[in-house]
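Okay, here's the thing in structure tokens:
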């Protein structure tokens with residue numbers, strides 16, 4: 032039976048609200064997700080929150096009821112609250128019906144099995160949480176085996192990244208590693224490292240891709256450094272017909288990933 | 032010779048700061064852009080600001096000097112200021128070296144010449160300014176003739192949209208129209224209307240595209256309504272192999288636009 036919290040001063044509300052800051056997420060090992068669509072995606076992927084906050088006036092909604100039942104069945108706590116509290120927790124004026132508090136679950140490279148998918152996404156020093164979430168969403172769509180975050184990437188458990196992923200954070204495995212760890216792991220088995228670059232004449236449409244293909248996307252402002260490009264088995268470029276010299280990082284990753292997908296599916 | 036402003040209370044600073052709100056942009060017919068890269072892109076496209084604010088300690092930078100000279104040469108005013116003021120104007124903790132105030136310049140359909148490009152982008156009820164800016168950036172990259180915004184789209188002159196466009200707002204023509212106006216204009220000449228849809232078996236890779244192709248992207252949450260889909264000459268879908276049923280709107284637009292580009296280039 033859910034308890035009810037309606038006071039902003041409640042210690043749990045303060046604690047959950049703090050999870051919007053990376054420092055508190057690290058200390059607690061917890062993160063926030065919000066909205067019926069994303070939390071339902073999580074539930075269907077077998078991820079249930081430690082705490083589920085839901086709007087009292089939405090308690091009868093079938094998806095809310097399913098979330099409450101699953102959360103309580105898994106030992107979590109469902110908490111009835113109101114739109115003001117949900118707005119405070121989510122940081123949005125128009126909050127969704129639900130906010131969930133989940134344990135973080137990033138993997139290490141040795142927990143990935145490269146044989147499970149023909150495409151893997153790799154990003155280095157990604158700075159924008161919206162780009163990270165969007166890349167995860169694309170990763171889900173192309174059936175990527177996972178997203179590997181190299182070196183100092185933005186936090187995949189930030190509110191903005193979770194939101195942009197539209198639930199893909201719960202369905203696409205995310206691993207973190209240094210560049211050196213990644214190269215050692217990559218070269219311990221089959222895998223083609225493909226980098227997007229401006230310094231090549233090889234059009235991405237004419238590239239030869241071999242599964243499992245690891246698609247490396249560089250930092251938004253600088254692209255990848257030369258020593259990473261030198262490690263790539265193939266560098267390709269996407270044609271740029273206009274005034275600018277680059278695409279948004281999430282867009283470039285998606286254009287590449289769909290090209291590789293269409294080739295590996297034949 | 033630039034004047035110097037360092038007081039937050041200066042009326043021009045207040046007025047420019049207000050341009051972050053849509054209401055003030057409409058009243059003034061002006062908008063904000065920031066950063067050396069974007070303002071230089073604008074300058075190279077022949078767009079100069081009415082007011083150019085630049086950081087005093089960056090006054091010697093060649094690109095700043097070029098912007099100051101061009102702005103003054105075109106009858107605009109260059110204003111020396113400091114990082115605090117620039118931060119206030121741009122809303123960022125780490126502002127760029129320059130902020131420009133530009134006249135708005137959206138077009139109407141009769142100002143577009145469809146013969147100038149094989150690809151045109153069309154968006155209806157786009158809600159996210161980041162998506163709009165990213166679609167403009169992609170439009171520049173694929174050589175699109177322009178972006179046509181239908182019905183109630185987010186403002187292309189918002190700070191977030193300009194930022195995400197990385198300058199493409201200045202190089203890609205933007206027009207606004209109602210759906211009815213658009214259909215009347217479209218059918219008055221050659222043009223294939225291609226819509227992205229979940230309710231079709233036609234894979235985007237197998238579609239037959241005929242220039243000029245008008246790529247229609249629907250609202251982020253709802254996609255396009257049935258009456259718009261019914262007007263399309265071709266509906267195609269991008270394969271979704273994962274749990275989710277849709278891509279980010281800017282990503283889907285880019286995957287489609289690059290497919291059409293590769294076909295129309297042969």
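Chains as they are written, first to last, in the working numbering: chain A, 32 to 297; chain B, 32 to 297.
Every residue, glycine too, gets a C-beta built ideally from N, C-alpha and C.
Handout entry: Which residues DSSP lists as bridging residue 133 of chain A, in chain order
Key = For residue 133 of chain A, which the question treats as bridged, DSSP gives the partners A:62.
Practice task
For residue 131 of chain A, I'd like the list of residues in its chain whose CB is within less than 6 Å of its CB, leaving aside the five on either flank, ordered along the chain.
Solution key: Excluding residues within five positions, the ones whose Cβ falls inside 6 Å are 64, 70, 80 and 83.
Exercise for the section: Specify the secondary structure class of residue 19 of chain A as computed by DSSP and reduced to three states. Expected result: Within the shown structure, residues of chain A are numbered from 32 to 297, placing residue 19 of chain A beyond reach of any answer.
Exercise for the section: Figure out for me which residue from B:41, B:251, B:138 and B:166 has the closest Cα to the Cα of residue 213 of chain B. Expected result: Comparing Cα-Cα distances from residue 213 of chain B to each of B:41, B:251, B:138 and B:166, the minimum goes to B:138.
Problem - Nearest-angstrom Cα separation, counted from residue 67 of chain B out to residue 105 of chain B - result: Each residue's Cα considered, the two are about 18 Å apart.
Exercise for the section: Starting from residue 68 of chain A, trace the alpha helix (DSSP H) both ways and give me its first and last residue. Expected result: From DSSP, the alpha helix (DSSP H) with residue 68 of chain A extends over 67-75.
Problem - residue 117 of chain B - containing beta strand (DSSP E), residue span - result: Taken as a continuous stretch (DSSP letters only), residue 117 of chain B belongs to no beta strand (DSSP E), being part of the alpha helix (DSSP H) at 114-121.
Practice task
Could you tell me whether any Cβ in chain B is nearer than 7 Å to the Cβ of residue 34 of chain A?
Solution key: For residue 34 of chain A, not one C-beta of chain B is nearer than 7 Å to its own C-beta.
Practice task
Using alpha carbons as the reference points, say which of B:215, B:282, B:275 and B:251 lies closest to residue 141 of chain B.
Solution key: The shortest Cα separation from residue 141 of chain B among B:215, B:282, B:275 and B:251 belongs to B:215.
Problem - Backbone CA spacing between residue 147 of chain B and residue 173 of chain A [nearest angstrom] - result: Roughly 34 Å separates the two Cα atoms.
Problem - Contact set between residue 165 of chain B and chain A, taken where Cβ atoms lie within less than 7 Å - result: Those within 7 Å of residue 165 of chain B in chain A are 279 and 282.
Exercise for the section: Go ahead and label residue 93 of chain B buried or exposed: buried means 16 or more other beta carbons lie within 10 angstroms of its beta carbon, across all protein chains shown. Expected result: Burial check for residue 93 of chain B: the Cβ neighbour count within 10 Å stays below 16, so the residue is exposed.
Exercise for the section: Using only alpha-carbon positions, find the residue among A:134, A:242, A:186 and A:208 that is nearest to residue 60 of chain A. Expected result: For the residues A:134, A:242, A:186 and A:208, the minimum Cα distance to residue 60 of chain A belongs to A:134.
Practice task
Would you kindly check if the distance between the Cβ of residue 247 of chain A and the Cβ of residue 153 of chain A is under 7 Å?
Solution key: In this structure, residue 247 of chain A lies closer than 7 Å to residue 153 of chain A by Cβ.
Problem - Within 7 Å, strictly: CB atoms of residue 128 of chain B and residue 100 of chain B - result: Going by beta carbons, residue 128 of chain B and residue 100 of chain B fall outside the 7 Å limit.
Exercise for the section: Taking the CB atoms as reference points, tell me whether residue 291 of chain A and residue 265 of chain A lie closer together than 7 Å. Expected result: No; because the gap between Cβ atoms is not below 7 Å, this pair is not in contact.
Handout entry: Residue ranges of each alpha helix (DSSP H) within the stretch 249-290 of chain B, 4 or longer
Key = 257-262, all fully within the stretch 249-290 of chain B.
Problem - Continuous alpha helix (DSSP H) stretch holding residue 217 of chain B: start and end - result: Per DSSP, residue 217 of chain B belongs to the alpha helix (DSSP H) from 210-217.
Exercise for the section: Taking residue 256 of chain A as the reference, give the member of A:210, A:53, A:234 and A:293 with the closest Cα. Expected result: Cα-wise, what sits closest to residue 256 of chain A is A:210.
Exercise for the section: Identify whether residue 5 of chain A lies in helix, strand or coil by the three-state DSSP scheme. Expected result: Outside the displayed range of chain A (32 to 297) lies residue 5 of chain A, so it cannot be described from this structure.
Practice task
Determine the direct distance from the alpha carbon of residue 119 of chain B to that of residue 158 of chain A, and round the result to whole angstroms.
Solution key: Going by the C-alpha atoms only, they are around 23 Å apart.
Exercise for the section: Could you spell out the range, first to last residue, of the beta strand (DSSP E) harbouring residue 150 of chain A? Expected result: Residue 150 of chain A: member of the beta strand (DSSP E) spanning 150-155, first to last residue.
Handout entry: Runs of alpha helix (DSSP H) lying entirely within the stretch 137-206 of chain A, each at least 4 residues, in chain order
Key = Within the stretch 137-206 of chain A, the runs of alpha helix (DSSP H) at least 4 residues long that lie entirely inside it are, in chain order, 160-172 and 190-196.
Exercise for the section: Write down the C-beta distance between residue 150 of chain B and residue 122 of chain B rounded to the nearest angstrom, noting that I regard them as a contact closer than 8 Å. Expected result: In fact, because the Cβ distance is near 33 Å, the residues do not count as touching under 8 Å.
Problem - Under 7 Å by beta carbon: chain A residues contacting residue 271 of chain B - result: In chain order, 172 make up the part of chain A whose C-beta sits under 7 Å from the C-beta of residue 271 of chain B.
Exercise for the section: Can you tell me which of the three DSSP states residue 34 of chain A falls into? Expected result: For residue 34 of chain A, the three-state secondary structure derived from DSSP is strand.
Exercise for the section: Check whether the Cβ atoms of residue 238 of chain A and residue 267 of chain A lie closer than 7 Å to each other. Expected result: Between residue 238 of chain A and residue 267 of chain A, the CB-CB gap stays under 7 Å.
Problem - N- and C-terminal bounds of the alpha helix (DSSP H) containing residue 104 of chain B - result: The continuous alpha helix (DSSP H) containing residue 104 of chain B extends over residues 93-104.
Practice task
With residue 43 of chain A as the anchor, note down where its alpha helix (DSSP H) starts and where it stops.
Solution key: Membership of residue 43 of chain A in the alpha helix (DSSP H) is indicated by the continuous run 42-49.
Problem - Backbone secondary structure at residue 229 of chain A - three-state DSSP - result: Residue 229 of chain A: coil per DSSP, three-state reduction.
Handout entry: Between the CA atoms of residue 113 of chain B and residue 275 of chain B - distance to the nearest angstrom
Key = Going from the Cα of residue 275 of chain B to the Cα of residue 113 of chain B covers about 47 Å.
Exercise for the section: Label residue 258 of chain A either buried or exposed according to how many other C-beta atoms from any shown protein chain fall within 10 Å of its C-beta, with 16 as the threshold for buried. Expected result: Around the beta carbon of residue 258 of chain A, fewer than 16 other beta carbons lie within 10 angstroms, which makes this residue exposed.
Practice task
Report yes or no: do three or more beta-carbon pairs, one from the stretch 278-297 of chain A and one from the stretch 270-285 of chain B, lie closer than 8 Å?
Solution key: Of all C-beta pairs linking the stretch 278-297 of chain A to the stretch 270-285 of chain B, three or more are shorter than 8 Å, placing the two stretches in contact.
Practice task
Look at the alpha carbon of residue 34 of chain A and the alpha carbon of residue 98 of chain A, and state the distance between them as a whole number of angstroms.
Solution key: Their backbone Cα atoms lie some 15 Å apart in a straight line.
Exercise for the section: Would you grab the beta carbon distance between residue 125 of chain B and residue 280 of chain B for me? Rounded to a whole angstrom, and I think it's under 8 Å. Expected result: Rounded to whole angstroms, the Cβ separation of residue 125 of chain B and residue 280 of chain B is 28 Å, and the two are not in contact under 8 Å.
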